[in-house]
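Numbering (the numbering used here), first residue to last: 13 to 272. What follows is a set of notes on a single structure, which appears directly below.
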(Lines of atoms letter the chains of each structure in order from A and count residues from 1; the text may use other names and numbers.)
(Lines give C-alpha, C1' and ligand atoms only; values in the text may rest on other atoms or scores of the structure.)
Protein backbone atom coordinates (compact mmCIF):
# COMPACT_ATOMS: atom_id res chain seq x y z
CA UNK A 1 0.00 0.00 0.00
CA UNK A 2 1.34 3.43 -0.93
CA UNK A 3 2.35 5.70 1.94
CA UNK A 4 -0.18 8.33 0.83
CA UNK A 5 -3.02 5.77 0.80
CA UNK A 6 -2.09 4.50 4.25
CA UNK A 7 -1.94 8.04 5.61
CA UNK A 8 -5.38 8.78 4.14
CA UNK A 9 -6.85 5.62 5.69
CA UNK A 10 -5.40 6.51 9.07
CA UNK A 11 -6.85 9.99 8.82
CA UNK A 12 -10.28 8.58 7.95
CA UNK A 13 -10.11 6.23 10.92
CA UNK A 14 -9.08 9.18 13.04
CA UNK A 15 -12.13 11.11 11.85
CA UNK A 16 -14.38 8.17 12.75
CA UNK A 17 -12.89 7.95 16.24
CA UNK A 18 -13.25 11.71 16.63
CA UNK A 19 -16.95 11.60 15.67
CA UNK A 20 -17.54 8.85 18.24
CA UNK A 21 -15.89 10.94 20.94
CA UNK A 22 -12.84 8.68 21.16
CA UNK A 23 -10.42 11.58 21.23
CA UNK A 24 -7.30 9.69 22.38
CA UNK A 25 -7.73 7.10 19.63
CA UNK A 26 -8.28 9.89 17.12
CA UNK A 27 -5.06 11.60 18.17
CA UNK A 28 -3.18 8.30 17.75
CA UNK A 29 -4.52 7.92 14.21
CA UNK A 30 -3.82 11.52 13.27
CA UNK A 31 -0.29 11.32 14.71
CA UNK A 32 0.53 8.19 12.72
CA UNK A 33 -1.00 9.70 9.60
CA UNK A 34 0.79 13.02 9.60
CA UNK A 35 4.29 11.51 9.66
CA UNK A 36 5.93 14.76 10.64
CA UNK A 37 3.32 17.19 9.31
CA UNK A 38 3.38 19.11 12.55
CA UNK A 39 1.05 21.91 11.44
CA UNK A 40 -1.70 19.32 10.89
CA UNK A 41 -0.96 17.70 14.22
CA UNK A 42 -1.18 21.06 16.00
CA UNK A 43 -4.51 21.89 14.36
CA UNK A 44 -6.00 18.46 15.10
CA UNK A 45 -4.96 18.64 18.75
CA UNK A 46 -6.38 22.13 19.16
CA UNK A 47 -9.66 20.92 17.67
CA UNK A 48 -9.75 17.91 20.02
CA UNK A 49 -9.15 20.18 23.01
CA UNK A 50 -12.17 22.29 22.08
CA UNK A 51 -14.32 19.22 22.74
CA UNK A 52 -12.35 17.89 25.70
CA UNK A 53 -10.21 20.48 27.49
CA UNK A 54 -8.84 17.84 29.91
CA UNK A 55 -7.55 15.60 27.14
CA UNK A 56 -4.01 15.21 28.43
CA UNK A 57 -2.78 13.31 25.38
CA UNK A 58 -4.04 16.00 23.01
CA UNK A 59 -2.24 18.66 25.05
CA UNK A 60 0.87 16.48 25.09
CA UNK A 61 0.87 16.08 21.30
CA UNK A 62 0.11 19.78 20.92
CA UNK A 63 3.23 20.57 22.92
CA UNK A 64 5.31 18.18 20.84
CA UNK A 65 4.04 19.65 17.57
CA UNK A 66 4.70 23.20 18.79
CA UNK A 67 8.26 22.21 19.64
CA UNK A 68 8.85 20.92 16.10
CA UNK A 69 7.38 24.18 14.77
CA UNK A 70 9.89 26.10 16.95
CA UNK A 71 7.10 27.65 19.05
CA UNK A 72 8.91 26.71 22.25
CA UNK A 73 7.00 28.86 24.74
CA UNK A 74 3.68 27.61 23.37
CA UNK A 75 5.04 24.06 23.61
CA UNK A 76 5.93 24.44 27.28
CA UNK A 77 2.50 25.94 27.99
CA UNK A 78 0.74 23.03 26.25
CA UNK A 79 2.82 20.45 28.09
CA UNK A 80 2.15 22.14 31.43
CA UNK A 81 -1.56 21.94 30.59
CA UNK A 82 -1.07 18.26 29.73
CA UNK A 83 0.57 17.64 33.11
CA UNK A 84 -2.21 19.44 34.97
CA UNK A 85 -4.87 17.50 33.03
CA UNK A 86 -3.07 14.20 33.66
CA UNK A 87 -3.04 14.91 37.41
CA UNK A 88 -6.72 15.92 37.46
CA UNK A 89 -7.83 12.87 35.48
CA UNK A 90 -5.53 10.57 37.50
CA UNK A 91 -3.42 9.35 34.58
CA UNK A 92 -0.60 6.94 35.31
CA UNK A 93 2.58 8.15 36.97
CA UNK A 94 4.59 6.95 33.98
CA UNK A 95 2.53 9.12 31.61
CA UNK A 96 3.03 12.13 33.86
CA UNK A 97 6.77 11.41 33.87
CA UNK A 98 6.69 11.25 30.06
CA UNK A 99 5.12 14.71 29.97
CA UNK A 100 7.76 16.10 32.34
CA UNK A 101 10.50 14.53 30.23
CA UNK A 102 9.08 16.05 27.05
CA UNK A 103 8.85 19.46 28.73
CA UNK A 104 12.52 19.34 29.70
CA UNK A 105 13.36 18.21 26.17
CA UNK A 106 11.52 21.25 24.80
CA UNK A 107 13.37 23.60 27.15
CA UNK A 108 16.69 22.06 26.16
CA UNK A 109 15.93 22.42 22.46
CA UNK A 110 14.86 26.02 23.07
CA UNK A 111 18.15 26.70 24.85
CA UNK A 112 20.12 25.28 21.93
CA UNK A 113 18.04 27.29 19.46
CA UNK A 114 18.73 30.54 21.33
CA UNK A 115 22.36 29.59 21.85
CA UNK A 116 22.84 29.13 18.12
CA UNK A 117 21.43 32.62 17.55
CA UNK A 118 23.66 34.10 20.28
CA UNK A 119 26.77 32.51 18.78
CA UNK A 120 25.90 33.72 15.27
CA UNK A 121 25.27 37.27 16.54
CA UNK A 122 28.49 37.26 18.55
CA UNK A 123 30.58 36.03 15.62
CA UNK A 124 29.04 38.66 13.35
CA UNK A 125 29.79 41.54 15.75
CA UNK A 126 33.26 40.19 16.46
CA UNK A 127 33.99 40.04 12.73
CA UNK A 128 32.67 43.56 12.20
CA UNK A 129 34.84 44.95 15.01
CA UNK A 130 37.91 43.15 13.70
CA UNK A 131 37.23 44.52 10.22
CA UNK A 132 36.67 47.99 11.66
CA UNK A 133 39.96 48.01 13.54
CA UNK A 134 41.74 46.61 10.52
CA UNK A 135 40.35 49.44 8.39
CA UNK A 136 41.31 51.98 11.05
CA UNK A 137 44.89 50.73 11.16
CA UNK A 138 45.09 50.77 7.36
CA UNK A 139 43.85 54.38 7.33
CA UNK A 140 46.36 55.30 10.03
CA UNK A 141 49.18 53.78 7.99
CA UNK A 142 48.03 55.60 4.82
CA UNK A 143 47.85 58.95 6.65
CA UNK A 144 51.28 58.45 8.16
CA UNK A 145 52.71 57.92 4.68
CA UNK A 146 51.01 60.90 3.05
CA UNK A 147 51.31 63.39 5.90
CA UNK A 148 54.41 64.35 7.83
CA UNK A 149 54.12 62.86 11.32
CA UNK A 150 56.67 62.27 14.07
CA UNK A 151 57.83 58.75 14.83
CA UNK A 152 56.50 59.08 18.39
CA UNK A 153 53.04 59.94 17.08
CA UNK A 154 53.12 56.96 14.70
CA UNK A 155 54.08 54.62 17.54
CA UNK A 156 51.44 56.09 19.83
CA UNK A 157 48.67 55.63 17.25
CA UNK A 158 49.71 52.06 16.44
CA UNK A 159 50.01 51.12 20.12
CA UNK A 160 46.59 52.58 20.88
CA UNK A 161 45.01 50.62 18.03
CA UNK A 162 46.76 47.42 19.15
CA UNK A 163 45.59 47.96 22.74
CA UNK A 164 42.01 48.50 21.65
CA UNK A 165 42.10 45.41 19.45
CA UNK A 166 43.55 43.35 22.31
CA UNK A 167 40.80 44.59 24.62
CA UNK A 168 38.10 43.66 22.11
CA UNK A 169 39.60 40.17 21.73
CA UNK A 170 39.76 39.81 25.53
CA UNK A 171 36.11 40.83 25.95
CA UNK A 172 35.09 38.47 23.15
CA UNK A 173 36.94 35.60 24.84
CA UNK A 174 35.22 36.37 28.18
CA UNK A 175 31.82 36.44 26.50
CA UNK A 176 32.52 33.16 24.72
CA UNK A 177 33.52 31.55 28.03
CA UNK A 178 30.28 32.68 29.69
CA UNK A 179 28.30 31.55 26.65
CA UNK A 180 29.04 27.87 27.18
CA UNK A 181 27.74 25.83 30.12
CA UNK A 182 29.96 24.34 32.76
CA UNK A 183 30.12 20.80 34.06
CA UNK A 184 27.20 19.10 35.79
CA UNK A 185 28.00 18.54 39.51
CA UNK A 186 29.25 15.00 40.10
CA UNK A 187 26.81 14.41 42.95
CA UNK A 188 23.91 14.82 40.49
CA UNK A 189 25.24 11.92 38.40
CA UNK A 190 24.41 8.26 38.97
CA UNK A 191 27.63 6.29 39.69
CA UNK A 192 26.32 3.40 37.56
CA UNK A 193 24.96 5.10 34.44
CA UNK A 194 27.01 8.33 34.76
CA UNK A 195 23.85 10.23 33.77
CA UNK A 196 22.02 12.91 35.72
CA UNK A 197 19.57 11.31 38.15
CA UNK A 198 15.80 11.71 37.96
CA UNK A 199 14.71 9.49 40.87
CA UNK A 200 17.67 9.19 43.25
CA UNK A 201 17.66 6.66 46.08
CA UNK A 202 20.21 6.31 48.87
CA UNK A 203 21.82 3.12 50.17
CA UNK A 204 22.69 2.57 53.86
CA UNK A 205 26.26 3.72 53.20
CA UNK A 206 24.98 7.13 52.01
CA UNK A 207 25.65 6.83 48.26
CA UNK A 208 22.84 7.85 45.90
CA UNK A 209 21.97 6.09 42.65
CA UNK A 210 19.29 6.39 40.00
CA UNK A 211 16.54 4.04 41.24
CA UNK A 212 16.11 2.28 37.90
CA UNK A 213 19.85 1.62 37.52
CA UNK A 214 20.31 0.33 41.06
CA UNK A 215 17.25 -1.93 40.84
CA UNK A 216 18.56 -3.34 37.57
CA UNK A 217 21.97 -3.95 39.20
CA UNK A 218 20.32 -5.84 42.07
CA UNK A 219 18.28 -7.97 39.67
CA UNK A 220 21.32 -8.98 37.65
CA UNK A 221 23.94 -9.26 40.39
CA UNK A 222 21.94 -10.23 43.44
CA UNK A 223 21.58 -8.37 46.76
CA UNK A 224 25.04 -6.77 46.65
CA UNK A 225 25.92 -3.10 47.07
CA UNK A 226 27.77 -2.05 43.89
CA UNK A 227 30.30 -0.06 45.92
CA UNK A 228 30.83 -1.79 49.28
CA UNK A 229 29.84 -5.30 48.10
CA UNK A 230 27.81 -5.68 51.30
CA UNK A 231 24.27 -7.04 51.37
CA UNK A 232 21.75 -4.65 49.84
CA UNK A 233 18.04 -5.24 49.15
CA UNK A 234 15.27 -3.07 47.69
CA UNK A 235 13.66 -2.49 51.09
CA UNK A 236 16.93 -0.92 52.32
CA UNK A 237 16.75 1.89 49.71
CA UNK A 238 15.44 5.30 50.70
CA UNK A 239 14.25 8.07 48.32
CA UNK A 240 16.65 11.02 48.38
CA UNK A 241 14.00 13.73 48.13
CA UNK A 242 16.37 16.61 48.92
CA UNK A 243 18.74 15.57 46.11
CA UNK A 244 15.79 15.07 43.73
CA UNK A 245 14.57 18.61 44.49
CA UNK A 246 18.07 20.01 44.00
CA UNK A 247 18.39 18.26 40.62
CA UNK A 248 14.97 19.47 39.48
CA UNK A 249 15.88 23.04 40.47
CA UNK A 250 19.21 22.71 38.64
CA UNK A 251 17.49 21.47 35.47
CA UNK A 252 15.02 24.35 35.62
CA UNK A 253 17.93 26.80 35.62
CA UNK A 254 20.15 24.79 33.25
CA UNK A 255 17.89 23.25 30.62
CA UNK A 256 20.93 22.29 28.51
CA UNK A 257 21.88 19.68 31.13
CA UNK A 258 18.85 17.43 30.49
CA UNK A 259 19.86 14.18 28.75
CA UNK A 260 23.43 15.52 28.70
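For glycine and all other residues, C-beta sits at the position ideal for the given N, C-alpha and C. The model shown is predicted, which means the values in this text are computed figures rather than measured ones.
Thinking C-beta only, is residue j closer than 9 Å to residue i?
i	j	result
residue 94	residue 65	no
residue 255	residue 226	no
residue 269	residue 208	yes
residue 78	residue 90	yes
residue 262	residue 196	yes
residue 134	residue 184	yes
residue 236	residue 246	no
With a threshold of 8 Å, establish whether the CB of residue i neighbours any heavy atom of the ligand ZN.
i	result
residue 236	By its list of ligands, the structure shown contains no ligand whatsoever, and the ligand ZN lies outside what it can speak to.
Looking only at its chain, what residues have a beta carbon closer than 6 Å to the beta carbon of residue i, apart from the 5 residues adjacent to it on each side?
i	result
residue 238	229
residue 14	For residue 14, the pLDDT reaches just 47, beneath the cut-off of 50, and the residue's location in the model is therefore unreliable, leaving the point undetermined.
residue 214	220, 250 and 252
residue 193	268
residue 174	none
Which of the three DSSP states, helix, strand or coil, is assigned to residue i?
i	result
residue 114	helix
residue 79	helix
residue 206	coil
Here's a check: name, in chain order, each residue in its chain whose Cβ is nearer than 8 Å to the Cβ of residue i, leaving out the five neighbours to either side.
i	result
residue 267	116, 119, 120, 122 and 123
residue 125	82 and 84
Let me know if residue i comes out buried or exposed under the rule of 16 or more other beta-carbons within 10 Å of its beta-carbon.
i	result
residue 287	The structure shown does not extend to residue 287, since the chain spans only 13 to 272, so no value can be given for it.
residue 199	exposed
residue 87	buried
residue 76	buried
residue 97	buried
Give a yes or no on whether the minimum CB-CB distance between residue i and chain D is below 9 Å.
i	result
residue 211	Looking at the structure shown, chain D is missing, and only one protein chain is on hand.
- request: Could you pull out every unbroken alpha helix (DSSP H) segment of at least 4 residues lying fully inside the stretch 209-247, listed in chain order?
  value: 223-233
Uninterrupted beta strand (DSSP E) stretches inside the stretch 86-110 (no shorter than 3 residues): none
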